[in-house]
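When we follow the numbering used here, the leftmost residue of the sequence shown carries the number -13, and every step to the right adds one. No residue lacks a Cβ here, since even glycine has one placed at the ideal position from N, Cα and C. Written below as structure tokens is the structure these notes are about.
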Amino acid sequence: MTPTVLILNGPNLNMLGVRQPEVYGRESLSDIETACKLEAARLGLVVDFRQSNHEGVLVDWIQEARGRCAGIVVNAGAYTHTSVAILDALLACELPVVEVHLSNIHQREAFRHHSYVSKAARGMICGFGGHGYVLALDALSRLLPKHEG
Ligand code: DQA
């Protein structure tokens, strides 16, 4: 069976393309989804690409990934910097996690420098816009047990 990677997007990421394009770029979330699906096919993976503005929904989806998915790529948006609930869900799911951000969060306001998600992530990619998701998928695929692609 082809392994599934959950790609999770948090609040306001549905606004990509129109939201502060000078910070987040002109690509829409659906452009990023398309790029991820192409890369996943190359890697012999399937992606389940989701976005929610609601913390509890993100927690539910992380819980459901346990046993169903092979790993998680997550851009938790602003919840990155605030959500112990998302951190706890990521720790409980016992899956490899790669954190991604479009912008370089370390170049921005001090409140964006701390990430709860990082405590549960094998690594973090930031500052490469939508291409960061493709890089994150590549990184995650190398953490998975070898499978017939
Ligand atoms: C973000 C960075 C966060 O600080 C911000 O709240 C976002 C997007 C990024 O992808 O650069 O919503 O996660």
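Separation of residue j from residue i, as counted between CA atoms
| i | j | result |
| --- | --- | --- |
| G(-4) | V45 | 11 Å |
| K87 | A78 | Contrary to the premise, residue 87 reads as His rather than Lys in this sequence. C-alpha separation (whole angstroms): 22 Å. |
| S89 | V43 | 24 Å |
| I91 | C112 | 7 Å |
| R180 | T20 | Residue 180 lies beyond the stretch modelled for the chain, which goes from -13 to 135, so this question has no answer here. |
| E80 | E41 | 19 Å |
| V(-9) | I58 | 6 Å |
| V9 | P(-11) | 33 Å |
| A106 | P7 | 29 Å |
| I18 | Y119 | 7 Å |
| I48 | H100 | 21 Å |
| E25 | V84 | 16 Å |
| E95 | M(-13) | 43 Å |
| K132 | R52 | 19 Å |
Neighbourhood of residue i by C-beta distance below 6 Å, restricted to the same chain and skipping five residues each side
| i | result |
| --- | --- |
| A62 | G(-4), I72, V103 |
| M1 | none |
| N39 | P(-3) |
Coarse secondary structure for residue i, derived from DSSP in three states
| i | result |
| --- | --- |
| T20 | helix |
| T66 | helix |
| N0 | helix |
| L(-8) | strand |
| G30 | coil |
| G116 | coil |
For residue j and residue i, believed in contact at Cβ under 8 Å, the rounded distance
| i | j | result |
| --- | --- | --- |
| V60 | L(-6) | 5 Å |
| L130 | A56 | 5 Å |
Spatial neighbours of residue i in its chain, beta-carbon cut-off 7 Å, leaving aside the 5 residues before and after
| i | result |
| --- | --- |
| F97 | H67 |
| G3 | R12, E13, S14 |
| S127 | L29, L31 |
| R5 | N(-2) |
Sequence-distant residues of its chain with Cβ nearer than 8 Å to residue i (five each side left out)
| i | result |
| --- | --- |
| K23 | V33, F35 |
Alpha helix (DSSP H) runs contained entirely in the region 39 to 103, provided each spans 4 or more residues: List check, alpha helix (DSSP H) in window: 41 to 51, 70 to 79.
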